[in-house]
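> Next up is a structure, given as structure tokens.
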Amino acid sequence: NRFGAFAMADSQIDIVEAIDDVKKYFSIDDEKIIIGGFSMGGYGALRTYYENPNMYQGVAVFAGHPDLANQWGVTGTHPNFLDNKFTKVFKKTPVFIYHGTNDEALSFKSIQQLKATLQEAGAKVTSSFVEGRGHRYQDKNTNKIYHQWLEQFMQ
């Protein structure tokens with residue numbers, strides 16, 4: 001691809017190795033692992049969950065693109081999470097979505113469509129859409145909503 005920034009197979013190996021390393025040093029509950037990412041990592045989180053839904057209990061997408069690999073011209077066929085045939089796996093899955101309404105990297109309309117497509121699939125979507133915000137990390141209020149969302153995994 002034009003940015004050399006998408007390596008699905010290698011990234012999945014890296015994620016599993018990172019989780020295995022954490023397990024060596026910390027006591028974690030395998031039933032409460034969530035995957036999340038910002039921007040390109042938001043697509044990566046969706047894609048990672050899609051590839052391994054039994055490994056994760058939830059997904060967090062921070063200013064992420066629902067069809068990044070296809071939009072960037074990566075060779076092969078990749079999931080477009082605006083298409084409901086790719087969102088069926090999210091049924092009953094907690095999903096957190098953050099996005100600014102003025103995000104210059106991805107239109108807000110696409111994120112609204114992502115939310116609707118996930119909800120149609122039966123995902124339990126919590127969102128924070130921040131008026132006037134661009135392609136930046138989340139604000140304090142979104143952090144509060146996100147931490148409340150995370151509490152469901154602490155029970």
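When we follow my numbering, the leftmost residue of the sequence shown carries the number 1, and every step to the right adds one. Even for Gly, the Cβ is constructed at its ideal location relative to N, Cα and C.
Mark residue 25 as exposed unless 16 or more other C-beta atoms lie within 10 angstroms of its C-beta, in which case mark it buried.
Along the sequence shown, one-based indexing puts residue 25 at 25. Classification for residue 25: exposed.
> Output needed for residue 71: all residues of its chain with C-beta closer than 8 Å, excluding positions within five of it in sequence on either side, in chain order.
Residue numbering aside, residue 71 sits at position 71 when the sequence shown is read from its first letter. Cβ within range, chain order: 65.
> For residue 151 and residue 90, what's the separation of their Cα atoms in angstroms?
Counting from 1 along the sequence shown, the entry for residue 151 is found at position 151. Counting from 1 along the sequence shown, the entry for residue 90 is found at position 90. Roughly 19 Å between the two C-alpha positions.
> What did DSSP end up calling residue 35 once you bin it into helix, strand or coil?
Sequence index remark: in the sequence shown, residue 35 carries index 35 (1-based). It is a strand residue.
> Quick one: is the Cβ of residue 50 within less than 7 Å of any heavy atom of the ligand SAM?
As for the ligand SAM, it is missing from this structure, which has no ligand bound.
> Under three-state DSSP, which class holds residue 124?
Looking up residue 124 in the sequence shown gives position 124. Strand, per DSSP.
> Return the CA-CA distance between residue 121 and residue 148, expressed in angstroms with no decimal places.
Along the sequence shown, read from residue 1 onward, the residue named residue 121 stands at position 121. Along the sequence shown, read from residue 1 onward, the residue named residue 148 stands at position 148. Near 23 Å, if we compare the C-alpha coordinates of residue 148 and residue 121.
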